[in-house]
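Q: Residue numbers (the numbering used here), protein chains in the order written: chain A, 1 to 320; chain B, 1 to 319; chain C, 1 to 319.
We put the beta carbon where it would ideally sit given N, CA and C, even for glycine.
Bear in mind the structure is a predicted one, so any value in this text is a computation, not a measurement.
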């Protein structure tokens, strides 16, 4: 046990996370200065709950990026899975079937992506980009301009419920953080995912079943998108054709701001959490400070660049 | 004698055939802004219904990237090559569409302008309502229900889209008219339900008392409803679109009203206008639908799904 | 009698091997649409496709170079939009086309330099930096226009899009010149050699004493400049500057580049492939419009096209 603690202390990954956390703290402190509405229990819980949806969507995506790939279809995946789950629940009245439909759809899409990348050897950008358009097309075709809504209270609990005063999505997020971190850092699968990202050739030579691990990450990415779609559905109580479109870029941004590199082999689930937090804090801050709509993209863009810059800056300082 | 009969018969059937050819089977190209806004969905259904009633057919042109101006202009280029009998055009942007309208005019294809008035061009007529007055009506309903006093927030749509700008202006005018109403904040929800929900949650953190919310479309109003319910707060909410979902929400007392710009009827009458024009029947220069409010008192009229509606007769609206 | 049976397998298979997937898709699309639509091969339509694809080509070419350096420029759509808005604004203030062009291109250059400087000297991931710049440019465009179209552009700029020289539309000249410039830059200058090497062999370059950083920054600057030039065409097309006109176009550009055979990993690039990729997407959209395919199906088809093109390549390398 003490070995573990020692290892944790010396781990450079942890140090890196610390600096990223510092960025989050800076943003929080700044916001607390600018407005007293920020630093209240309610608002902090509010931010955490909003971040949890983004985090869930981005958690599986992190694994894909760790292998030097990308999954552009996560937003469209969420949209389609949510619409399918909504259709099933509206037509059968069964929450369980809805759950299965959402997660099943997400996982299947992930599996499809995995096939395109491993069996058909397509570059992940194109494979998931093509998948994105196809998913959109199918979703639009079946949904048209209609909205499905009005779900069971029991289903909605995962999105709107509270346990001991804390919103349920935060618990879900915590579970995923723990599970995801254990998976990536301490399971053999996780180690192999990192290896594939860092150097697929030497990974294969050392016996890592590269294709199986690649398939795994795409399936997991799809699965988390499917799960996120259920939380989304539970929160919003309705589904329509265009949901999810606007979530892909923030999900990717969360992963990258969190320190996972597009070149693979470097990054962490906790990093993605921090990325999601930063993006959610920015939106929260802009709304509370009622920043004019025209300026909001600029603020977000500047903070994205600054966050990553500061993080690199701190890291360099600590290493010299 | 027989020859005369044959000649007469031939001439008669030719004449009949040619009138048939003129009066039936026209292809009308319908341009709308995007695939997912229920407003345009209703418009398209209206245009389909009208075409069916008049024995013509419609082809729909919708940008694959929602509200994409270059795509719509590209579709116009392509349509001009195809030469449909007529066009019904809802421009993504009323100013940027001008070169596109010129192309249509130069190609000699008759065109009706719907929903957003293009800045210039030759049109058979204009059929529409007005984002500004629809929003104004919805805003005024909210102000009235609040008794002219209280705190209000606006949830905006997408910046840069002209319909949104007009709606915000309409909301703001309604607020201006009531000195007892205070506008706390106007924040973008980008017409997205999720974003509107999160924005509303954030605003709830800041303002302990929000009496009214003006949402630029019903999807966002839906998000606002969820945010309020989730935080155990109450506000009066108005939206725009008059969608089925809004109807349900108003029935359930969760929403006050929704501004309806009559998209289904606009679809009907713009298509009827273009077909009538092609068939040399009289068409008024403008058909303006006054802004209507979907609220508790008018619910009965709206409680039919657009798919099941059919277009009313021409002379019920056009005198 | 001569034996007319050719050894089918070898010739056809050989040919298939040498033709890249994107070219096969292009040929299939052209043949298919020519059969399905009588207007497809008309002069007018061919000119349309060329003209519509010109803007996308002009930003896809520098994107090829950027991707070859293992980078990416997510901001190019927003830069294109912003420069277009700047051009319209300057035209509205000065009514002087040459000045507007210079300023628009200048703005593009500055933003490109900024991207490059931050990526290279602060050693930050290109995706993140250009994502940030995307937001910044989007806002700047909205602020400059306050969400509306700027239409006071005068008549001369429209010529860039609608004018003809020797019967060929001007945008096609723009596209051709852009291609030639990119081709010469990439294959006939030292800069081009470095671009290929930055992607795979940065350290070797440094050891050889090359000012790698400057060249690396220049790649992004090139991207910005091309966006500036393309923005003139965009503004000419709409006869207006609009703050959301080209948002999202970066994805089309990236897809065209990758479908054309350039890949992120290996740093190899094929400029002509990018050209084919852009053309294929343009032909597909145009063809689907002419045939009258429903918008949701169009959306799915684009995805399919992209997948099949690369599938063909990957199958060939296996065979």
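1) Which same chain residues end up closer than 8 Å to residue 83 of chain B when comparing Cβ atoms and leaving out the 5 residues on each side of it in sequence?
2) How close, in whole Å, do the beta carbons of residue 129 of chain A and residue 255 of chain C come, if the pair is a contact with beta carbons under 8 Å?
3) Just checking: is the beta-carbon of residue 194 of chain A within a distance shorter than 9 Å of some beta-carbon in chain B?
4) Going along the segment 35 to 46 of chain B in order, which residues come within less than 7 Å of chain C, judged by CB to CB distance?
5) On a CA-only basis, which of B:164, B:143, B:129 is nearest residue 288 of chain B? Give me that one, please.
6) Only counting the same chain, and skipping five residues up and downstream in sequence, which positions put a Cβ closer than 8 Å to that of residue 21 of chain B?
7) Hey, which unbroken runs of the alpha helix (DSSP H) at 4 residues or more fall wholly within the segment 76 to 123 of chain A?
8) Quick check: residue 241 of chain C and residue 164 of chain B, are their CB atoms within less than 9 Å of each other?
9) Identify whether residue 290 of chain C lies in helix, strand or coil by the three-state DSSP scheme.
10) In whole angstroms, give me the CA-to-CA distance for residue 260 of chain A and residue 66 of chain A.
11) Is it true that the CB of residue 63 of chain C sits closer than 9 Å to the CB of residue 250 of chain C?
12) Excluding the 5 residues preceding and the 5 following residue 48 of chain A in the sequence, name in chain order all residues of the same chain whose CB lies nearer than 6 Å to its CB.
13) Could you check how far apart the C-beta atoms of residue 89 of chain C and residue 150 of chain C are, in whole angstroms? I think they sit under 8 Å.
14) What did DSSP end up calling residue 85 of chain C once you bin it into helix, strand or coil?
15) Compare the Cα-Cα distances from residue 168 of chain B to each of B:56, B:179, B:135 and report the closest residue.
16) So, do the segment 284 to 304 of chain A and the segment 55 to 69 of chain A have three or more beta carbon pairs nearer to each other than 8 Å?
17) Hey, does residue 96 of chain B have any beta-carbon neighbour from chain C nearer than 9 Å?
18) Indicate whether the contact test is met: 3 or more Cβ pairs, each with one atom in the segment 183 to 194 of chain B and one in the segment 154 to 164 of chain B, closer than 8 Å.
19) Measure from the C-beta of residue 159 of chain B to each C-beta in chain C and report whether the shortest distance is under 9 Å.
20) Under 9 Å between C-beta atoms, does residue 121 of chain A make it to chain C?
21) Kindly list the residues whose CB is nearer than 8 Å to the CB of residue 105 of chain B, restricted to its own chain and excluding five residues on each side of it in sequence; keep chain order.
22) Any beta carbon from chain A within less than 9 Å of residue 151 of chain B's own beta carbon?
23) Which partner residues does residue 238 of chain A have in the DSSP bridge list?
24) Quick test of the definition: if touching needs 3 or more C-beta pairs under 8 Å, does the segment 196 to 209 of chain A touch the segment 30 to 37 of chain A?
25) In the DSSP assignment, find the alpha helix (DSSP H) that holds residue 78 of chain B and state where it starts and stops.
26) May I have the straight-line CA-CA distance separating residue 54 of chain C from residue 172 of chain C, to the nearest angstrom?
27) Can you check DSSP and say which residues form a bridge with residue 187 of chain B?
28) Can you name the residues of chain A whose CB is closer than 8 Å to the CB of residue 283 of chain C?
29) Go ahead and pull the three-state DSSP assignment for residue 282 of chain C.
30) With H, G and I counted as helix, E and B as strand and the rest as coil, what does DSSP make of residue 162 of chain A?
31) Along the segment 118 to 129 of chain C, where does the CB come closer than 8 Å to a CB of chain A? Name the residues.
32) Between residue 312 of chain C and residue 297 of chain C, what straight-line distance do the alpha-carbon atoms span, to the nearest angstrom?
33) Count the C-beta pairs between the segment 84 to 98 of chain C and the segment 64 to 75 of chain C that are closer than 8 Å, then say yes if the count reaches three, no if not.
34) Apply the 10 Å Cβ neighbour rule to residue 281 of chain B and answer buried if 16 or more other Cβ atoms are within range, or exposed otherwise.
35) So, helix, strand or coil for residue 125 of chain A, using DSSP?
36) Are there three or more Cβ pairs, one per stretch, closer than 8 Å when the segment 196 to 206 of chain C is compared with the segment 119 to 130 of chain C?
A: By the coordinates alone:
1) For residue 83 of chain B, where only same-chain residues beyond five positions count, the Cβ hits under 8 Å are 107, 109.
2) Right, their Cβ atoms sit about 6 Å apart.
3) With respect to chain B, the C-beta atom of residue 194 of chain A has no partner C-beta closer than 9 Å.
4) Those would be 35, in chain order.
5) Its Cα nearest to that of residue 288 of chain B, the residue B:129 stands out among B:164, B:143, B:129.
6) Residue placement at residue 21 of chain B is flagged as unreliable, the pLDDT there being 45, under the threshold of 50; the coordinate-derived value follows with that caveat. For residue 21 of chain B, where only same-chain residues beyond five positions count, there are no Cβ hits under 8 Å.
7) Runs found: 95 to 118.
8) Residue 241 of chain C places its beta carbon 9 Å or farther from that of residue 164 of chain B.
9) Reduced to three states, the DSSP call for residue 290 of chain C is helix.
10) Taking the straight line from one Cα to the other gives about 7 Å.
11) Contact: yes.
12) Hits under 6 Å: 170.
13) The Cβ separation is near 6 Å, so the contact holds.
14) If DSSP states are grouped into helix, strand and coil, residue 85 of chain C belongs with the helices.
15) The residue with the shortest Cα to Cα distance from residue 168 of chain B is B:135.
16) No, they do not touch.
17) Taking 9 Å as the threshold, the shortest C-beta distance from residue 96 of chain B to chain C falls below it.
18) Touching, per the Cβ criterion.
19) Judged by the 9 Å Cβ criterion, residue 159 of chain B is in contact with chain C.
20) Chain C contact via Cβ: present.
21) Excluding the 5 residues flanking it on each side, residue 105 of chain B has same chain C-beta neighbours closer than 8 Å at 111, 121, 122, in chain order.
22) Answer no: the Cβ-Cβ gap between residue 151 of chain B and chain A never drops below 9 Å.
23) According to DSSP, residue 238 of chain A bridges with A:149.
24) The segment 196 to 209 of chain A vs the segment 30 to 37 of chain A: no contact.
25) For residue 78 of chain B, the enclosing alpha helix (DSSP H) covers residues 69 to 82.
26) Roughly 6 Å between the two C-alpha positions.
27) B:155.
28) In chain order: nothing, as chain A lies at least about 16 Å away.
29) Helix at residue 282 of chain C.
30) The three-state reading of DSSP puts residue 162 of chain A in strand, counting E and B together.
31) For the segment 118 to 129 of chain C, the set of residues with a beta-carbon nearer than 8 Å to any beta-carbon of chain A comprises 118, 122, 123, 124, 125, 127, 128, 129, in chain order.
32) Whole-angstrom Cα-Cα distance: 22 Å.
33) Taking 8 Å as the limit for Cβ pairs, the verdict is that the segment 64 to 75 of chain C does not touch the segment 84 to 98 of chain C.
34) Answer is exposed; the Cβ neighbour count stays below 16.
35) Look at residue 125 of chain A here: in three-state DSSP terms it is helix.
36) Below 8 Å, too few C-beta pairs join the segment 196 to 206 of chain C and the segment 119 to 130 of chain C to call them touching: fewer than three.
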